[in-house]
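Counting in this note's numbering, the sequence shown runs from 103 upward without gaps. C-beta: ideal position from N, C-alpha, C; glycine also.
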Amino acid sequence: MNEIIKKDNDYKKWISEVSRRFKSSQIKAAIKANDEMIRFYWSLGHDMDEKKVTYSWGSHFYAQISADLKKELPDVKSFSPRNLLYMHQFYRLFPITQQLVSQNDIDNEIFMIPWGHIVQIINKCKDDQERALFYIHKTIENNWSRAVLLNFLDTDLYERQGKVLFVTLHAS
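Spelled out as C-alpha coordinates, the structure:
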(Lines of atoms letter the chains of each structure in order from A and count residues from 1; the text may use other names and numbers.)
(Lines give C-alpha, C1' and ligand atoms only; values in the text may rest on other atoms or scores of the structure.)
Protein backbone atom coordinates (compact mmCIF):
# COMPACT_ATOMS: atom_id res chain seq x y z
CA MET A 1 0.00 0.00 0.00
CA ASN A 2 2.84 2.43 0.76
CA GLU A 3 4.26 1.99 -2.74
CA ILE A 4 0.89 2.87 -4.26
CA ILE A 5 0.66 6.06 -2.19
CA LYS A 6 4.22 7.08 -3.08
CA LYS A 7 3.42 6.80 -6.80
CA ASP A 8 0.14 8.70 -6.58
CA ASN A 9 0.57 12.16 -8.13
CA ASP A 10 -2.11 13.72 -5.92
CA TYR A 11 -0.28 12.45 -2.86
CA LYS A 12 3.04 13.85 -4.14
CA LYS A 13 1.42 17.22 -4.81
CA TRP A 14 -0.10 17.21 -1.34
CA ILE A 15 3.30 16.46 0.27
CA SER A 16 4.85 19.30 -1.75
CA GLU A 17 2.06 21.63 -0.67
CA VAL A 18 2.50 20.69 3.01
CA SER A 19 6.23 21.35 2.66
CA ARG A 20 5.62 24.74 1.01
CA ARG A 21 3.09 25.76 3.69
CA PHE A 22 5.47 24.71 6.45
CA LYS A 23 8.34 26.76 4.99
CA SER A 24 6.00 29.71 4.53
CA SER A 25 4.92 29.44 8.17
CA GLN A 26 8.54 29.36 9.30
CA ILE A 27 9.28 32.55 7.36
CA LYS A 28 6.17 34.26 8.74
CA ALA A 29 7.13 33.24 12.29
CA ALA A 30 10.63 34.66 11.83
CA ILE A 31 9.20 37.92 10.47
CA LYS A 32 6.79 38.21 13.41
CA ALA A 33 9.58 37.47 15.89
CA ASN A 34 11.76 40.13 14.25
CA ASP A 35 8.88 42.62 14.35
CA GLU A 36 8.35 41.97 18.06
CA MET A 37 12.05 42.33 18.89
CA ILE A 38 12.36 45.58 16.94
CA ARG A 39 9.27 46.92 18.72
CA PHE A 40 10.82 45.87 22.05
CA TYR A 41 14.09 47.65 21.16
CA TRP A 42 12.13 50.79 20.24
CA SER A 43 10.17 50.65 23.52
CA LEU A 44 13.37 50.11 25.53
CA GLY A 45 14.80 53.14 23.72
CA HIS A 46 11.73 55.08 24.85
CA ASP A 47 12.20 53.89 28.43
CA MET A 48 15.87 54.88 28.39
CA ASP A 49 14.96 58.30 27.02
CA GLU A 50 12.69 58.89 30.01
CA LYS A 51 15.09 57.39 32.56
CA LYS A 52 18.05 59.40 31.32
CA VAL A 53 16.16 62.63 31.99
CA THR A 54 14.65 61.46 35.29
CA TYR A 55 17.85 60.14 36.82
CA SER A 56 20.37 62.48 35.14
CA TRP A 57 22.84 59.65 34.64
CA GLY A 58 26.16 60.55 33.15
CA SER A 59 28.46 58.84 30.72
CA HIS A 60 28.04 55.39 32.29
CA PHE A 61 24.31 55.33 31.59
CA TYR A 62 24.40 52.52 29.00
CA ALA A 63 27.13 50.56 30.80
CA GLN A 64 25.10 50.52 34.01
CA ILE A 65 21.91 49.39 32.28
CA SER A 66 23.91 46.75 30.39
CA ALA A 67 25.47 45.37 33.57
CA ASP A 68 22.13 45.29 35.40
CA LEU A 69 20.29 43.61 32.52
CA LYS A 70 23.07 41.03 32.15
CA LYS A 71 22.55 40.11 35.81
CA GLU A 72 18.82 39.67 35.23
CA LEU A 73 19.16 38.01 31.81
CA PRO A 74 22.60 36.34 31.74
CA ASP A 75 21.97 34.32 28.55
CA VAL A 76 20.82 37.31 26.48
CA LYS A 77 23.43 38.99 24.29
CA SER A 78 21.35 41.97 23.12
CA PHE A 79 22.15 44.35 25.95
CA SER A 80 25.70 45.54 25.31
CA PRO A 81 26.24 49.25 26.04
CA ARG A 82 26.63 49.90 22.30
CA ASN A 83 23.42 48.06 21.39
CA LEU A 84 21.55 49.92 24.14
CA LEU A 85 22.83 53.17 22.64
CA TYR A 86 21.47 52.08 19.24
CA MET A 87 18.09 51.27 20.80
CA HIS A 88 17.99 54.72 22.33
CA GLN A 89 19.00 56.34 19.03
CA PHE A 90 16.35 54.28 17.21
CA TYR A 91 13.68 55.65 19.51
CA ARG A 92 15.03 59.20 19.18
CA LEU A 93 15.03 58.88 15.38
CA PHE A 94 11.37 57.79 15.46
CA PRO A 95 10.04 59.17 18.77
CA ILE A 96 6.33 59.03 18.07
CA THR A 97 5.70 56.44 15.42
CA GLN A 98 2.02 57.32 15.08
CA GLN A 99 2.98 60.79 13.87
CA LEU A 100 5.66 59.76 11.36
CA VAL A 101 3.37 59.74 8.38
CA SER A 102 -0.39 59.52 8.15
CA GLN A 103 -0.15 56.12 6.42
CA ASN A 104 -0.07 53.13 8.76
CA ASP A 105 2.07 51.07 6.38
CA ILE A 106 4.93 53.58 6.66
CA ASP A 107 4.48 53.61 10.43
CA ASN A 108 5.02 49.87 10.57
CA GLU A 109 7.92 49.83 8.09
CA ILE A 110 10.39 50.84 10.78
CA PHE A 111 9.72 47.51 12.51
CA MET A 112 9.91 45.33 9.38
CA ILE A 113 13.63 45.18 8.72
CA PRO A 114 16.31 43.34 10.70
CA TRP A 115 18.05 45.05 13.59
CA GLY A 116 21.42 44.94 11.79
CA HIS A 117 19.90 46.96 8.94
CA ILE A 118 18.49 49.50 11.40
CA VAL A 119 21.89 49.90 13.05
CA GLN A 120 23.49 50.66 9.66
CA ILE A 121 20.77 53.20 8.88
CA ILE A 122 21.25 54.87 12.27
CA ASN A 123 25.03 55.03 11.69
CA LYS A 124 24.66 56.70 8.30
CA CYS A 125 21.50 58.79 8.69
CA LYS A 126 22.07 60.00 12.27
CA ASP A 127 18.96 62.04 13.16
CA ASP A 128 17.68 62.56 9.59
CA GLN A 129 14.31 60.81 9.81
CA GLU A 130 13.37 61.44 6.18
CA ARG A 131 16.62 59.89 4.93
CA ALA A 132 16.25 56.93 7.31
CA LEU A 133 12.68 56.29 6.14
CA PHE A 134 13.86 56.37 2.54
CA TYR A 135 16.39 53.60 3.18
CA ILE A 136 13.95 51.56 5.27
CA HIS A 137 11.34 51.78 2.51
CA LYS A 138 13.88 50.86 -0.19
CA THR A 139 15.16 47.92 1.89
CA ILE A 140 11.65 46.51 2.19
CA GLU A 141 10.68 47.27 -1.41
CA ASN A 142 13.81 45.64 -2.86
CA ASN A 143 14.54 43.06 -0.16
CA TRP A 144 18.07 44.41 0.29
CA SER A 145 20.65 42.43 2.19
CA ARG A 146 22.69 44.35 4.74
CA ALA A 147 25.62 44.49 2.30
CA VAL A 148 23.44 45.99 -0.44
CA LEU A 149 21.94 48.50 1.99
CA LEU A 150 25.40 49.51 3.18
CA ASN A 151 26.53 50.02 -0.42
CA PHE A 152 23.59 52.34 -1.11
CA LEU A 153 24.15 54.17 2.18
CA ASP A 154 27.84 54.63 1.33
CA THR A 155 27.05 55.90 -2.17
CA ASP A 156 24.22 58.11 -0.80
CA LEU A 157 21.41 56.82 -2.99
CA TYR A 158 19.05 59.17 -1.16
CA GLU A 159 20.84 62.25 -2.50
CA ARG A 160 21.45 60.79 -5.94
CA GLN A 161 18.02 59.37 -6.65
CA GLY A 162 15.41 59.45 -4.03
CA LYS A 163 15.20 62.66 -2.08
CA VAL A 164 12.79 64.52 -4.33
CA LEU A 165 10.85 61.40 -5.34
CA PHE A 166 10.51 60.13 -1.76
CA VAL A 167 9.39 63.48 -0.38
CA THR A 168 6.86 63.88 -3.21
CA LEU A 169 5.40 60.38 -2.74
CA HIS A 170 5.00 60.71 1.01
CA ALA A 171 3.71 64.28 1.02
CA SER A 172 0.53 63.35 -0.85
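query, result
"Within this structure, are the beta carbons of I220 and Y188 separated by less than 9 Å?", "yes"
"Thinking C-alpha only, which one of S118, K115, I133, N225 is nearest F213?", "I133"
"Find out if the Cβ-Cβ distance for the pair H239, Y193 is shorter than 9 Å.", "no"
"How many Å lie between E119 and S127 at the Cα?", "12 Å"
"One question on the structure: do I242 and A234 come within less than 9 Å of each other, judged by their Cβ atoms?", "no"
"According to the neighbour-count rule (16 or more other Cβ atoms, all chains shown, within 10 Å of its Cβ), is S145 buried or exposed?", "exposed"
"Is the distance from the Cβ of S180 to the Cβ of Y143 below 9 Å?", "yes"
"If we count the other Cβ atoms within 10 Å of its Cβ and call it buried at 16 or more, is E138 buried or exposed?", "exposed"
"Distance, Cα to Cα, C227 vs T257?", "13 Å"
"Quick check: what's the CA-CA separation for E211 versus R141?", "11 Å"
"May I have the straight-line CA-CA distance separating S158 from Q166, to the nearest angstrom?", "13 Å"
"With respect to the alpha helix (DSSP H) encompassing T241, which residues constitute its N-terminal and C-terminal limits?", "231-244"
"Going by alpha carbons, who is nearest to E152 out of P183, Q191, D170, R123?", "Q191"
"Between L251 and G218, what straight-line distance do the alpha-carbon atoms span, to the nearest angstrom?", "10 Å"
"Check for me: the alpha helix (DSSP H) holding Q222 runs from which residue to which?", "217-227"
"Which word fits Y113, buried or exposed, when buried means at least 16 other C-beta atoms lie within 10 angstroms of its C-beta?", "exposed"
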